[in-house]
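> Numbering-wise (this note's numbering), the sequence shown opens with residue 1160 and increments by one.
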Amino acid sequence: MFLPTTKNEMNKLGWNQLDVILVSGDSYIDSPYIGVAAIGKLLAAEGYKVGIIAQPDVNSDADISRLGEPKLFWGISGGSVDSMVANYTASKKKRRQDDFTPGAENNKRPDRAVLIYTNLIRRFFKNTAPIVLGGIEASLRRVVHYDFWSNKLRKSILVDSKADYLIYGMGEKAVLELTKKLRQNKSPDGIKGLCYLSNEPKYEYEQLPSFKECIESKSSFIEMFNKFYVNNDALTAKGLCQANGSRYYIQNPPQLNPSTEEMDYYHNLNFEREQHPYYASEGNVRALDTIKFSINTHRGCYGECNFCAIAVHQGRTIASRSEESILRETEELTKLKGFKGNILDVGGPTANMYGYECTKKLKLGTCLDKRCVFPETCKTLRPTHKPAIDLLKKIRNHDKIKKVFVASGIRYDLILDDPKHGLEYMKEVVQHHTSGQMKIAPEHSEDKVLSYMGKPGKRYLEEFKNMFYKYTKEAGKKQFLTYYMIAAHPGCNDAEMQKLKSFASEKLQIQPEQVQIFTPTPSTYSTLMYYTEIDPFTGKKIFVEKDMMGKQKQKDLLTIKKENPREKHQQSIKKKSHKKTLPRR
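#1: Can you check which of these residues, Leu1337, Arg1458, Ala1470 and Pro1289, is closest to Arg1317 by C-alpha distance?
#2: Thinking C-beta only, is Tyr1437 closer than 9 Å to Val1444?
#3: Would you list the one or two residues that DSSP bridges to Tyr1642?
#4: According to DSSP, is Tyr1611 part of a helix, a strand, or is it coil?
#5: What first and last residue would you give for the alpha helix (DSSP H) that runs through Arg1406?
#6: With the cut-off set at 9 Å, would you say Ile1676 and Lys1720 are in Cβ contact?
#7: What residue range is occupied by the uninterrupted beta strand (DSSP E) comprising Leu1279?
#8: For the 8 Å Cβ check, are there 3 or more pairs between the stretch 1422 to 1429 and the stretch 1289 to 1304?
#9: Thinking C-beta only, is His1580 closer than 9 Å to Lys1545?
#10: Mind pulling the alpha helix (DSSP H) runs of 4 or more residues that sit fully within the stretch 1170 to 1241?
#11: Could you check what DSSP says for Glu1258 in three-state terms: helix, strand or coil?
#12: If you draw a straight line from the C-alpha of Phe1498 to the C-alpha of Glu1491, how long is it?
#13: Please identify the residue among Gly1507, Ser1453 and Arg1475 whose C-alpha is closest to the C-alpha of Ile1560.
#14: Helix, strand or coil for Lys1166? Go by DSSP, reduced to three states.
#15: Tell me whether the beta-carbon of Ile1235 lies closer than 9 Å to the beta-carbon of Leu1299.
#16: Taking DSSP as the reference, what is the three-state secondary structure of Tyr1247?
#17: What residue range is occupied by the uninterrupted alpha helix (DSSP H) comprising Arg1487?
#18: Got a sec, what are the start and stop residues for the beta strand (DSSP E) Gly1294 sits in?
#19: Which first and last residues belong to the alpha helix (DSSP H) in which Arg1570 is found?
#20: Apart from the five residues just before and just after Thr1165, which ones in its own chain have a Cβ nearer than 8 Å to its Cβ?
#21: For Lys1529, count the other beta carbons within 10 Å of its own beta carbon; 16 or more makes it buried, fewer makes it exposed. Which is it?
#22: Mark Lys1738 as exposed unless 16 or more other C-beta atoms lie within 10 angstroms of its C-beta, in which case mark it buried.
#23: In chain order, what residues of the same chain have a beta carbon less than 6 Å from the beta carbon of Asp1706, not counting five sequence neighbours either side?
#24: Excluding the five sequence neighbours on either side, which residues of its own chain have a C-beta within less than 6 Å of the C-beta of Phe1623, listed in chain order?
#25: Quick check on Arg1472: does DSSP put it in helix, strand or coil?
#26: If you draw a straight line from the C-alpha of Glu1692 to the C-alpha of Glu1704, how long is it?
#27: Which first and last residues belong to the beta strand (DSSP E) in which Cys1400 is found?
#28: Check His1728 in the structure and name its three-state DSSP category.
#29: What three-state label does DSSP hand Ser1378 in the structure shown?
#30: Within the chosen definition, does the stretch 1650 to 1658 reach the stretch 1345 to 1357 through at least 3 CB pairs nearer than 8 Å?
#31: By DSSP's criteria, Gly1506 is part of a beta bridge. Which residues make up the other side?
#32: Where do the N-terminal and C-terminal ends of the alpha helix (DSSP H) with Arg1618 fall, by residue?
#33: Phe1283 and Ile1223: beta carbons closer than 9 Å?
#34: On the three-state DSSP scale, how would you describe Ser1357?
#35: Buried or exposed: which applies to Arg1458, given that a residue is buried once 16 or more other Cβ atoms fall within 10 Å of its Cβ?
#36: Below 9 Å between beta carbons: does that hold for Thr1525 and Asp1392?
Encoded structure:
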């Protein structure tokens, strides 16, 4: 069943008032991949009356007042992507396309959607129920952060929005506790995973440098971010307190990571896996083409790439679903309208992190002095691809399944660092689960730049590439590797891009096409480097390309093909010939 989006749907259910109204920057797609839908279905399963308003008109009360006023709280999300990232390119040009908007036209998600939606509610509902922020936009902007689009530090989004609470990370447990507390008319201030504002500091929490101190000193901002980053682990984190002007931002320690049983429960909530008819009448959403027949096996990522926000939002500890739950979902997908026998993806943030974790981390929390896979894979991690191999075999042996693809990113260093099952997994994926091309993300070739990115050295890449084509040849298939690269990352200059160009040509034997200019997004180490022009791990100054033309030049150095003199001469002859035949005016 879809959650109601209109008064008429509420009436059919016999509901006069909703307990919770969720507002989203995405169209309403009822899928476990969509945060608002996942939270809404979870609350509904627990007996609450929940409705959704997707992409409301921000110039009137026509949409925001459509479902009335909630009894317990409003939940606000910018959508599946930070609204500024969704709306603008790395060159700050407006995007024309939005995969989460009907008809794919980028015309319904406002800039800074979380702020706009909160103000919209305040404008038309005075003294209303509490407003609670959630989703990736709120989660990554919860403390003082650098905003690329205004090129300045901004206060916590709680301060700017004047909302009541913020739930950070993957918020299932926190939102259930919050809803229960509000129903009981009790204060939710002690809930793990919750943030709020206070007129007084909380001295028992870790004190972060204030907004004023961060503005005045980049070293204070680096200190703040380091403290913020290490206090994201469920087992080791302290609460945080930060002065934002005259008020104090209070961040409670995070919720515990979900168990396998809890993960199974979250994914077994009878999603429609369709766009709600009310919004589908305005046009289809492109995102559904990918996620409708895909399966999410786990969450979290200990890759900790410095430019990626997953470690902060989803956490650095893997939470996996059971094999039984995933196979049950596979069976459900085969019954959906439009299913043609293909599962388009089985994976997560990183496909080959399914089913295993560091036993030390599970007991004691993430290490403060080292990372799991950088600069090399930790001996304690002991990666094993056996759970993923067994799972993929069982899915593809289902009698209604033709093909099962692994389209999520793969960490090739983990494959090579798994002596027992790494090569077996590689053979399985190459022979059975690759759709013509396998996507990998080396990002760069030069160790200096890779170290700023938090990525392993290129030695892994060359070995993996040779292995992929060896197994592809043995399978008698035509398959290719697609490499994702980043230009203008902090610490990268034109000389490094030239070296990457030579490496791609000589070692990878490709002309790179999948190249993106680095976009500084809130709450990542790479963004910290971009703003401060300092390596936060060493304190040393680093080069950062901030000029738009300079950034584009770095990309062009990698993507623009060298002109062949002979071809250029032939094109010149053709142009001259063409000019002679043009009619006179």
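For every residue, glycine included, the Cβ atom is placed at its ideal position computed from N, Cα and C.
Answer, in terms of the structure:
#1: As written in the sequence, residue 1317 is Leu, which differs from the Arg given in the question. Closest option to Leu1317, Cα to Cα, is Pro1289.
#2: Annotated as distal: Val1444 and Tyr1437, with beta-carbon spacing of 9 Å or more.
#3: Ile1599, per the DSSP bridge assignment.
#4: Note: Tyr1611 maps to helix in three-state DSSP.
#5: Not the alpha helix (DSSP H): Arg1406 falls in the beta strand (DSSP E), residues Arg1406 to Gln1410.
#6: In this structure, the beta-carbon distance from Ile1676 to Lys1720 does not fall below 9 Å.
#7: In the DSSP assignment, Leu1279 falls outside any beta strand (DSSP E) and lies within the alpha helix (DSSP H) extending over Ala1272 to Phe1283.
#8: Remark: fewer than three beta-carbon pairs, one from each stretch, lie closer than 8 Å, so the stretch 1422 to 1429 and the stretch 1289 to 1304 are not flagged as touching.
#9: Closer than 9 Å, so yes.
#10: For the stretch 1170 to 1241, whole alpha helix (DSSP H) runs of length 4 or above, ordered along the chain, are 1194 to 1204.
#11: For the sequence presented, residue 1258 should be read as Asp rather than Glu. Three-state result, Asp1258: coil.
#12: Using only the alpha carbons, I get a separation of about 10 Å.
#13: When only C-alpha atoms are compared, the closest one is Ser1453.
#14: Helix, per DSSP.
#15: Result no, Cβ atoms of Ile1235 and Leu1299 do not sit closer than 9 Å.
#16: If DSSP states are grouped into helix, strand and coil, Tyr1247 belongs with the strands.
#17: Note, Arg1487: alpha helix (DSSP H), Glu1482 to Thr1493.
#18: No beta strand (DSSP E) contains Gly1294, which is instead part of the alpha helix (DSSP H) from Gly1294 to Leu1299.
#19: Segment: none, Arg1570 is in no alpha helix (DSSP H) and carries neither H nor E.
#20: If you ignore the 5 residues before and after Thr1165, its C-beta comes within less than 8 Å of the C-beta of Arg1225, Leu1226 and Tyr1437, all in its own chain and listed in chain order.
#21: When all chains shown are included, Lys1529 counts as exposed.
#22: Model confidence at Lys1738 stands at a pLDDT of 37, short of 50, so the residue's coordinates are unreliable and nothing is read from them.
#23: Contacts found: none.
#24: Leaving aside the five residues that flank Phe1623 on each side, the residues in its chain whose CB is nearer than 6 Å to its CB run, in chain order, Tyr1571.
#25: The sequence given here has His at residue 1472, not Arg. In this structure, His1472 counts as helix in the three-state DSSP scheme.
#26: The straight-line gap from Cα to Cα measures roughly 9 Å.
#27: That run of the beta strand (DSSP E) goes Leu1399 to Asn1403.
#28: Low per-residue confidence applies at His1728: pLDDT is 45, beneath 50, and the placement is therefore not dependable, though the value from the model is reported in the following sentence. DSSP places His1728 in the helix class (H, G or I) of the three-state scheme.
#29: If DSSP states are grouped into helix, strand and coil, Ser1378 belongs with the helices.
#30: The stretch 1650 to 1658 is not in contact with the stretch 1345 to 1357.
#31: Beta-bridge annotation (DSSP): Gly1506 is paired with Asn1455.
#32: Note, Arg1618: alpha helix (DSSP H), Arg1618 to Glu1633.
#33: Cβ atoms of Phe1283 and Ile1223: closer than 9 Å.
#34: In this structure, Ser1357 counts as strand in the three-state DSSP scheme.
#35: Classification for Arg1458: buried.
#36: A contact, by the Cβ cut-off of 9 Å.
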